[in-house]
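Top to bottom, those sequences are chains A and B.
Our numbering puts the first residue of the first sequence at 1, with every later residue one more than the last.
Our numbering puts the first residue of the second sequence at 1001, with every later residue one more than the last.
We put the CB at the ideal spot given by N, CA and C, even for glycine.
The structure displayed is predicted, hence computed values, not measured ones.
As structure tokens, the structure follows; a few thoughts come after it.
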Amino acid sequence: MTLDFSAITPYLHMLLRGAVITIQASSLSLLCGSILGILVGAIRVSPFAPLRALAAGYIYVIRGTPLLIQLFLIYFGLPSLGLNLPAFTAGVIGLTINSSGYVGEIVRGGIEAVPKGQWEASKVLGLSYVHTMRFIILPQAIRNMLPAIGNEFVTLIKESSLLSTLAITELTMVGQQVRSVTYASFETFIMVGIIYLVMTSITSLALQYIEKRWTVD
Amino acid sequence: MSNNGNDSASSSFIPALEVRDLRKSFGNVSVLEGISLSVREGEVISVIGPSGSGKSTLARCICRLEEIDGGEVLLYGDRIDNGKHSNRDIARLVGMIFQQFNLFPHLSVLENIILSPVRILGNSPKAAEDKAMSLLERVGLCEKKSARPNELSGGQRQRVAIARALAMNPKIMLFDEPTSALDPELVGEVLDVIADLAQSGMTMMIITHEMLFAKEVSDRVLFMDGGKILEQGPPDSIFTSPQVPRTQLFLQRMLAHVGKELVQAHSDERTWTHDA
């Protein structure tokens, strides 16, 4: 067989529009997931044992169940509790919760890698737990975390393809639509794959740049 | 404790630091076995003794880095071991210097020093900065104010750590082997700063293996072993005529290599600097 990309070129703008939705969903989830994840990670290492257990349980469940099931629970499950969320909202919430579990675990590792002496110096200088976290531990922990966070961001962009199951017209969903019109399956999904690759590459490069900037000074 | 001793007239009768029958274990290993100790305001005491004798744990219990298992710790007559004091309350009374400096690597020298005064004491950044600069001048590091800790030598880091602790205006300074992590040629500059501080009337407790320094700078020397204070007294009597066999043995070993210098230390000032 031969590849004929001319069959899908009229639909390229559709794919790009889908990519925009993917970018929107991913970056929203990245942002919210990171904030929630830092919170979960900070609670995970808090001095208060019941809170610590709660965060550990959260991370355990999130990381031990498929993202697809989490999305289904939010989009198809919650309406039975009377909560009807628009597909895009449900998708972003699902991705946010999912990535917060992974980010939480990364944050825990990053925090625990900060030497104990930093906590002790903070304590004898009168800093409270929250102050110590905010001014001393997290700024150092984030540096430890950056490589793993980069991986998580890339993973999240790729996994946002599961939002197609909620009929959100992100890149993968649009890909399926284009395929069903053109029957050019191979060409369509090669193109979809290339667009994903461009998005993940840009993300990786940006994070590598940030990592370098942060570790130099 | 009654609090009728708050006026300044009677405060001189209250020890700056008092420890009563302090006990501390890690698991089933007993580290401090009933330490009692009283330090008056302005007094400089040195704590010597073999590794594992509980010296560091004593200092860490006083600044509340360790919870104690029994006994009492009082700062200016006020019990601080009952969990009623915030980190801030303790930090205003006690400054602690660590063997490993524990500077904040992501902050500049100046930021290291002003963080707590600004965030905890509520000083204005300007006032905190002025204070920090005068402290840096005192430890001889004004030109390093914008440097990061990893650009400094070990001796410089420890001097910044001392300036950082002093920025909180503590009433008592604890030094936990402040020169043990330093290259020998950098020990002197840190000891000089500590000696100046002692001269200025600061109440201090110095845990050290620098015997010559302890002899010169302290009003009183404590010898600890096995979680107990075995002997204490003025440096002259501890170093020249120790009474307890354990102290004699320890000093014999510690002073074997500096025997000659110790004799000179009587006349010369600041013979602890190793660059002679």
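Looking only at A:GLU187, A:ILE97 and A:GLY150, the smallest Cα-Cα distance to A:ASP4 is reached by A:GLU187. Its chain contains ALA1091, ARG1092, GLY1095, SER1116, PRO1117, ILE1120 and LEU1121 as the residues whose beta carbon lies nearer than 8 Å to that of B:MET1168, once the 5 sequence neighbours on both sides are disregarded; these appear in chain order.
When the five nearest sequence neighbours on each side are left out, the beta carbons in the same chain lying within less than 6 Å of the beta carbon of A:ALA148 are those of ILE106, in order along the chain. For the pair B:VAL1217 and B:ILE1206, the CB atoms are nearer than the 9 Å cut-off.
Rounded to the nearest angstrom, the gap between the Cα atoms of B:LEU1249 and B:GLY1042 is 30 Å. A contact is defined here as three or more CB-CB pairs under 8 Å, and the segment 152-159 of chain A fails this definition with respect to the segment 3-19 of chain A. Here DSSP, grouped into helix, strand and coil, assigns B:PHE1104 to coil.
Taking the Cα positions, B:GLY1154 is about 32 Å away from B:ILE1080. Around the Cβ of B:GLU1189, a 10 Å sphere holds 16 or more other Cβ atoms; the residue is buried. For the options A:GLY126, A:LEU81, A:VAL45 and A:ARG108, the alpha carbon positioned closest to that of B:SER1086 is the one of A:GLY126.
Here A:TYR11 is buried. Its C-beta has 16 or more other C-beta atoms within 10 Å.
DSSP places B:ARG1064 outside both helix and strand once states are collapsed to three, so it counts as coil. The beta carbons of B:VAL1047 and B:MET1224 sit about 6 Å from each other, so the pair counts as a contact at 8 Å. The beta carbon of A:LEU36 is closer than 7 Å to those of THR96 and SER100 in its chain, skipping five residues each way along the sequence.
Counted as a single uninterrupted DSSP element, the beta strand (DSSP E) harbouring B:MET1204 occupies residues 1203-1207. Of all alpha-carbon atoms in B:ALA1256, B:ALA1059 and B:LEU1110, the one lying nearest the alpha-carbon of B:ILE1035 is that of B:ALA1059. A straight-line Cα-Cα distance of about 57 Å links A:LEU15 and A:VAL124. Under the DSSP definition of a beta bridge, B:ASP1176 partners with B:ILE1207.
Setting aside the 5 residues that flank it on each side, A:GLY77 has no residue in the same chain whose C-beta is closer than 8 Å to its C-beta. At a cut-off of 9 Å between beta-carbon atoms, A:ILE136 makes contact with chain B. Taking 9 Å as the threshold, the shortest C-beta distance from A:LEU125 to chain B falls below it.
A Cβ-Cβ distance of about 6 Å is found for the pair A:ARG108 and A:VAL45, placing them in contact under the 8 Å criterion. The CB of B:SER1116 comes closer than 7 Å to the CB of LEU125, GLY126 and LEU127 in chain A, given here in chain order. As DSSP reads the structure, B:LEU1115 sits in no beta bridge.
Of the residues B:GLU1067, B:THR1057, B:LEU1065 and B:ARG1023, the one whose Cα lies closest to the Cα of B:GLU1177 is B:THR1057. Taking a cut-off of 8 Å on C-beta distances, the segment 165-181 of chain A does not touch the segment 1126-1144 of chain B, as fewer than three cross pairs fall below it.
When DSSP reads this structure, B:LYS1024 sits in a beta bridge with B:LEU1032. With its beta carbon less than 9 Å from one in chain B, A:GLU120 belongs to the interface. Taking the beta carbon of A:HIS131 as reference, the chain B residues within 8 Å of it are ARG1119 and ILE1120, listed in sequence order. With respect to B:ARG1159, B:ILE1113 sits apart: the two C-beta atoms are not nearer than 9 Å. Listed in chain order, the non-local C-beta contacts of B:ASP1089 below 8 Å within the same chain comprise ILE1080, local neighbours out to five positions each way being set aside. In the DSSP assignment, B:GLY1070 is bridged to B:ARG1023. The CB of A:GLY117 comes closer than 7 Å to the CB of PHE1098, GLN1100 and ASN1102 in chain B, given here in chain order.
Spanning the alpha carbons of B:GLY1226 and B:VAL1244 requires a straight line of approximately 14 Å. Distance from the Cα of A:LEU68 is smallest, within the candidate group A:GLY91, A:SER26, A:LEU39 and A:PRO86, for A:GLY91. Ranking A:LEU85, A:GLN70 and A:SER29 by CA distance to the CA of A:VAL103 puts A:SER29 first.
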